[in-house]
Amino acid sequence: MSSTDRYLGGMTGPTSRILRVLSCNILAGASVQRYRQYVTRSWASVLPTRAKQDNLDSLARILPEFDVIGLQETDAGSLRSGFRNQTRYLAESSGMPFWSHQPNRQMARLAHSANGLISRVQPIQVVDYPLPGRGRGALLARFGEGDDALVVVVAHLALGPQARERQLAFIAELLGSHPHAILMGDLNTDPDSSEMRRLFERTSLQPPAQAQPTFPSWRPRRAIDHILLSPDLRLRRQWTLPDAFSDHLPLAAEIELPMELAMH
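Residue numbers for the sequence shown follow numbering that gives the first Met the number 0, beginning at 0 and rising by one.
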């Protein structure tokens, strides 16, 4: 367990084999509704604002509908978030008992991006893995013991295809010893890209039956956010949330677990 792990409160758990998961790139709370706003509202990317706070509070209200939440581009505590750890804030505000985060890219004290995990069920282990390249990482949480453990990996990959190829190769090796796995996050590539095809060749993860466009949030055209499952995890449904908390739409899934993987 890494030094960045934090868990809150007591332990609760779902009462059935259905696991509801959410993956969301939150852009440190910022909301973007047009491409030009990346420029015209660039000042908001390095300053705390009331709009960011309202956006986080809106997201916190829906988190209790899910059991495991993976966050990307959450802020670990810098100027742009008012020096607030946004993963912790979302967990506490939503009443979710367990959280952990993995700080990655830091720009002095202006911005400090991280991956985050929020969960209704306590993982028995959380490990931070730096990915090949600069400033990217994967956060691995393990629920359960031995061969019956469920492993969840939250990742935010690079923009360049060569860097993504190396990062996905690392994740493939990481998941090789885990028969029951979920990979979720902003992978910055469509499911039919060459690097994603190699991921599917190297692991038991299944390509999505139907890609869900998530980017840009105001007119989704690209399916670059993913929730990928090993074959024994049955996807009951997958959908995007209509509320845009950043420039990505959140991606949700309802998953049926084998009985031996029921999380308690």
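Note that the Cβ used here is the ideal one computed from N, Cα and C, for glycine as well.
Extent of the continuous alpha helix (DSSP H) to which Arg235 belongs: Looking at the DSSP string, Arg235 is not in any alpha helix (DSSP H); the run it does join, the beta strand (DSSP E), is 233 to 239.
Please look up how many angstroms separate the CB atoms of Pro63 and Gly94, rounded, as I've assumed it's under 8 Å. 6 Å
Under a Cβ-count criterion, where at least 16 other Cβ atoms within 10 Å of its own Cβ denotes burial, should Ser176 be classed as buried or exposed? exposed
What does a CB cutoff of less than 6 Å around Leu198 pick up in its chain, not counting 5 residues either side in sequence? Leu167, Ala171
Taking Cβ positions, are Ile25 and Ser229 nearer each other than 8 Å? no
Measure the alpha-carbon distance for Arg87 versus Trp98 and round it to whole angstroms. 7 Å
With a threshold of 6 Å on Cβ separation, who are the neighbours of Leu256 within its own chain once the five nearest residues in sequence on each side are excluded? Arg16, Leu18
Any idea if Gly159 is buried or exposed, counting beta-carbon neighbours within 10 angstroms, 16 or more meaning buried? exposed
Where Ala208 sits in the DSSP three-state scheme: coil
What does a CB cutoff of less than 7 Å around Gln101 pick up in its chain, not counting 5 residues either side in sequence? Thr3, Ala113, Asn114, Asp127, Gly136, Leu138
Taking the beta strand (DSSP E) that Pro219 belongs to, which residues open and close that run? First-last for Pro219: undefined, no H or E at that position.
CA-CA distance, Trp238 and Pro131? 30 Å
Find out if the Cβ-Cβ distance for the pair Glu194, Glu164 is shorter than 8 Å. yes
Which residue marks the beginning of the beta strand (DSSP E) containing Asp53, and which one marks its end? It is not in any beta strand (DSSP E) - Asp53 instead sits in the alpha helix (DSSP H) that spans 49 to 61.
With distances taken Cα to Cα, identify the nearest neighbour of Gly69 among Ala157, Leu250, Leu234. Leu250
Environment of Gly145 [buried if 16+ CB atoms lie within 10 Å]: exposed
Reduced DSSP secondary structure (H/G/I, E/B, other) of Pro160: helix
Alpha carbon to alpha carbon, what distance is there between Thr188 and Gln85? 25 Å
For Val153, the nearest candidate out of Pro129, Gly143, Asp147 (CA to CA): Pro129
Can you give the Cα-Cα distance for Asp147 and Leu234, rounded to whole angstroms? 18 Å
Just to confirm the assignment: which complete beta strand (DSSP E) runs, minimum length 3, are found wholly within the region 89 to 126? 97 to 106, 110 to 118
Under the three-state DSSP convention, the category Phe142 falls into: strand
According to DSSP, which residues form a beta bridge with Gly69? Ser22, Leu116
Confirm the yes/no value for this check: CB of Met95, any heavy atom of the ligand ZN, distance under 7 Å. Here there are no bound small molecules, and the ligand ZN is not part of this structure.
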